[in-house]
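Peer 1:
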Amino acid sequence: MSNLPSPSMGAMTRAIVVACLCVVISACTAQFQNHGYTPSDDDLSAVLVGIDTRDSVSETVGRPTSSGVLQDQAWYYVGSRVRTWAFTAPETIEREIVAISFADDGTVANIERFGLEDGQVVALSRRITETSIREFGLIQNILRNFGRIDVGEQLAQQ
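Sequence positions in the sequence shown follow mature numbering (1 follows the signal peptide of the UniProt record, and there is no 0) and run -30 to -1, 1 to 128.
(1) Determine, using beta carbons only, whether residue 17 and residue 30 come nearer to each other than 8 Å.
(2) Indicate the three-state DSSP secondary structure (helix, strand or coil) for residue -30 in the structure shown.
(3) According to DSSP, residue 21 sits in a beta bridge with which residue or residues?
(4) Which word fits residue 22, buried or exposed, when buried means at least 16 other C-beta atoms lie within 10 angstroms of its C-beta?
(5) To the nearest angstrom, how far is the alpha carbon of residue -8 from that of residue 2?
(6) Hey, how far is the Cα of residue 43 from the Cα of residue 60?
(7) Once you ignore the five residues that flank residue 19 on each side, which residues in its own chain have a CB closer than 6 Å to its CB?
(8) By a C-beta neighbour count over all protein chains shown, 10 Å radius and 16 as the cutoff for buried, is residue 112 buried or exposed?
Now the structure itself:
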């Protein structure tokens, strides 16, 4: 038999309690998630306004995930940092947007950097078009559509 002393029940209980507390405390630490990409200042300093084109910007800083709606007049690089703490809702703590605008000839017209403090809250309108499809079952919808078929129109198309 071994001559090692066996740990007392109180020491084991303390060890289990300390281990449980460590697990609980580590679960409550904030977790950070980074989303998106924004070019660094060094990369942007290599882009020359009035000289560089879309192709050269693409080679220097890469293509963005977002571009302008009207004729691709601007590229937008968006990066954000989100903090989640315990059971609270995720909170965006940093957001950075780099906007590279292009002139009509395809050269860089402007480079701008925006932060979270530059943003505005946009109230979304929840305009919902109600449909009557919920009022009727599948069979009822199929049977309702039979009366709407114009046989004369169908024969005229052939």
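The beta-carbon is built from N, C-alpha and C at its ideal position, and this holds for glycine as well.
Peer 2: Inspection of the coordinates gives the following:
(1) yes
(2) Model confidence at residue -30 stands at a pLDDT of 49, short of 50, so the residue's coordinates are unreliable; what they give is reported in the following sentence. Looking at residue -30 - three-state DSSP - the assignment turns out to be coil, as it is neither helix nor strand.
(3) Residue 21 pairs with nothing; no bridge assigned.
(4) buried
(5) 19 Å
(6) 33 Å
(7) 78
(8) exposed
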